[in-house]
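**Student:** Residue numbers (the numbering used here): 124 to 652.
Glycine included, C-beta positions come from ideal geometry on N, C-alpha and C.
A single structure is presented below for examination.
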């Protein structure tokens with residue numbers, strides 16, 4: 124059995140990202156080199172700790188990967204497969220069928236869903252799927268989809284809690300997320316000082332991890348891959364964006380754009396993403412559909428390769444277990460189920476019934492992973508077979524990974540010449556929308572830790588935008604190692620709380636369903652506790 128290594132640990136795509144400093148150049152080049160030399164050891168050390176491998180029955184795998192999947196399975200059984208039984212009801216709630224304009228909150232169900240989806244649908248679907256297929260083979264797609272289906276229920280649990288324990292401020296704004304439901308919910312479930320201490324500790328840890336993941340996955344990863352794609356379509360190593368200091372300048376431009384939006388708060392984010400995300404998704408999915416339709420005769424074989432590869436993993440490092448781990452890891456990064464990030468946006472929704480927003484939230488992993496990731500994988504497998512198979516063979520033999528954006532981009536070009544330029548625009552828009560949303564998530568975590576005074580929030584905005592610049596110049600291996608490590612640490616903290624608070628979610632769901640049966644969904648329910 125060949126050990127399966129965490130994919131951030133050796134990711135050094137030199138041809139496309141080409142972000143390794145050469146030690147020469149002018150002032151801008153020296154700044155980039157300094158940033159890399161400072162951050163690389165941090166990312167490597169954190170990734171090595173979180174993704175330490177264990178061997179069970181002769182199979183070697185990172186111990187932490189099973190954590191999110193196990194939670195999804197347990198919650199799916201506990202709530203009776205709600206993601207399937209209540210799918211239609213969820214679509215009705217997101218259309219506003221059961222909500223009045225005068226209900227407490229800031230944004231509509233649709234805007235809350237759009238804001239949260241903007242933090243998940245993006246480069247994880249484009250670059251992440253390319254990486255998954257290259258390393259884990261076509262079979263990784265099967266495990267990504269399965270992880271997404273289980274993740275739907277996890278999202279339902281955490282977003283119901285986000286609304287249940289949100290705090291409403293005198294100015295009409297609200298704050299929610301794991302910082303609140305872990306602190307208040309656990310203290311409610313476990314009376315006395317033990318509950319208060321446990322809840323407060325988990326809430327504080329969650330805030331720290333959300334802040335770190337917002338800085339890493341929410342902006343550095345996005346900025347890094349945006350610069351990579353721009354460099355690729357403008358000439359690769361011969362591009363002007365490959366020159367000394369170009370990445371630094373691009374990072375500054377991205378930071379200015381994002382900073383101009385995040386100062387507007389969640390209402391601004393809701394307005395932007397409710398228009399931006401659907402249009403981006405339509406363009407991207409339409410392009411995938413075109414490639415798939417042009418190669419429609421190859422689709423049955425592609426599905427056969429996905430299913431067979433999931434259980435055989437031929438030619439993949441780690442075999443079938445390798446395909447499973449890669450699929451689960453990239454799905455978790457993409458849809459963020461179990462991280463506690465989405466409840467921050469969903470908590471601002473206009474509703475008196477927490478379970479309504481939990482139902483809306485379960486649509487996120489379906490959109491992100493089951494639909495968009497699957498279409499991306501099909502596009503790669505059927506239109507770019509030789510490219511990704513060659514890249515996979517290179518990784519198996521030498522451990523060198525092809526860049527995920529390039530794998531996906533070349534698949535589109537087989538049917539749509541020139542589409543990589545359109546994809547570049549999509550990458551930029553996806554990245555900006557994700558950075559905007561995670562800017563808000565991080566702001567709420569910062570406020571929990573350091574207070575929500577105007578000065579404190581302005582300091583956070585400056586710190587957040589500064590790390591966009593940092594991400595633009597870092598090597599991709601450092602960014603991915605850091606963000607994946609923080610992502611899974613956050614899931615450990617958050618899911619412990621979800622297990623303890625699952626009965627509260629069941630109470631909220633029972634109450635909402637009772638009001639639906641009575642035909643009275645506008646009467647404010649009594650609060651639990």
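#1: What residue from 404, 328, 208 and 205 has the CA that sits closest to residue 550's CA?
#2: Within this structure, are the beta carbons of residue 308 and residue 284 separated by less than 8 Å?
#3: Identify whether residue 313 lies in helix, strand or coil by the three-state DSSP scheme.
#4: Considering only the alpha carbon of each residue, which of 533, 331 and 578 lies closest to residue 249?
#5: Buried or exposed: residue 83, going by 16 or more other Cβ atoms within 10 Å of its Cβ?
#6: Would you tell me roughly how many angstroms separate the C-alpha atoms of residue 209 and residue 326, rounded to the nearest one?
#7: Go through its chain and collect everything with a Cβ distance to residue 579's Cβ below 8 Å, but skip five positions before and after it.
#8: State the DSSP-derived secondary structure class of residue 230, mapped to helix, strand or coil.
#9: Quick check on DSSP: helix, strand or coil for residue 370?
#10: Within the same chain, show all residues whose beta-carbon is closer than 8 Å to that of residue 290, passing over the 5 residues directly before and after it, in chain order.
#11: Could you give the distance in angstroms between the alpha-carbon of residue 435 and the alpha-carbon of residue 498?
#12: For residue 264, I'd like the list of residues in its chain whose CB is within less than 6 Å of its CB, leaving aside the five on either flank, ordered along the chain.
#13: Would you check if the distance between the CB atom of residue 356 and the CB atom of residue 547 is smaller than 8 Å?
#14: By DSSP, does residue 291 sit in helix, in strand, or in coil?
#15: Apart from the five residues just before and just after residue 615, which ones in its own chain have a Cβ nearer than 8 Å to its Cβ?
#16: Tell me where the alpha helix (DSSP H) around residue 498 begins and ends.
#17: Kindly indicate the opening and closing residues of the alpha helix (DSSP H) around residue 476.
#18: Alpha helix (DSSP H) containing residue 641: first to last residue?
#19: Could you tell me which residues DSSP puts in a beta bridge with residue 298?
#20: In terms of alpha-carbon separation, which member of 340, 406, 301 and 259 lies closest to residue 324?
#21: Along the alpha helix (DSSP H) that carries residue 356, what are the first and last residues, could you check?
#22: Please go through the same chain and pick out, in chain order, the residues whose beta-carbon is closer than 7 Å to the beta-carbon of residue 408, but skip the five residues on each side of it.
#23: Excluding the 5 residues preceding and the 5 following residue 339 in the sequence, name in chain order all residues of the same chain whose CB lies nearer than 6 Å to its CB.
#24: Distance check for residue 231 and residue 221, CA to CA, integer angstroms please.
#25: CB-CB under 6 Å to residue 652, same chain, minus the five flanking residues each way: which ones, in chain order?
#26: Indicate whether residue 464 and residue 492 have their beta-carbon atoms separated by less than 8 Å.
#27: Look up residue 221 in the DSSP assignment and say whether it is helix, strand or coil.
#28: For residue 274 and residue 201, I'd like the C-alpha separation in whole angstroms.
#29: Look at the Cβ atom of residue 212, then the Cβ atom of residue 620, and state whether they are nearer than 8 Å.
#30: Do you know offhand how far residue 433's Cα is from residue 638's?
#31: Which word fits residue 475, buried or exposed, when buried means at least 16 other C-beta atoms lie within 10 angstroms of its C-beta?
#32: Around the C-beta of residue 266, are 16 or more other C-beta atoms found within 10 angstroms, so that it is buried, or is it exposed?
#33: Can you give me the start and stop residues for the alpha helix (DSSP H) that residue 202 sits inside?
#34: The alpha helix (DSSP H) spanning residue 254 covers which residue range?
#35: Cutting at 7 Å between CB atoms, please list the residues of its own chain near residue 154, excluding the five before and the five after it.
#36: CB residue 503 to CB residue 252, shorter than 8 Å?
**Tutor:** Inspection of the coordinates gives the following:
#1: 404
#2: yes
#3: coil
#4: 533
#5: Absent from the model: residue 83. The displayed extent of the chain is 124 to 652, so no value can be given.
#6: 30 Å
#7: 569, 570 and 573
#8: strand
#9: helix
#10: 297, 298, 299 and 303
#11: 22 Å
#12: 429 and 500
#13: yes
#14: strand
#15: 187 and 190
#16: 497–506
#17: No alpha helix (DSSP H) contains residue 476, which DSSP labels as neither H nor E.
#18: 599–641
#19: 290
#20: 301
#21: 344–356
#22: 495 and 498
#23: 605, 606 and 609
#24: 11 Å
#25: Here the model assigns residue 652 a pLDDT of 32, short of 50, so the residue's position is not dependable, and the following value carries that caveat. Around residue 652: 311.
#26: no
#27: coil
#28: 14 Å
#29: no
#30: 43 Å
#31: buried
#32: buried
#33: No alpha helix (DSSP H) holds residue 202; DSSP gives it neither H nor E.
#34: 252–259
#35: 371
#36: yes
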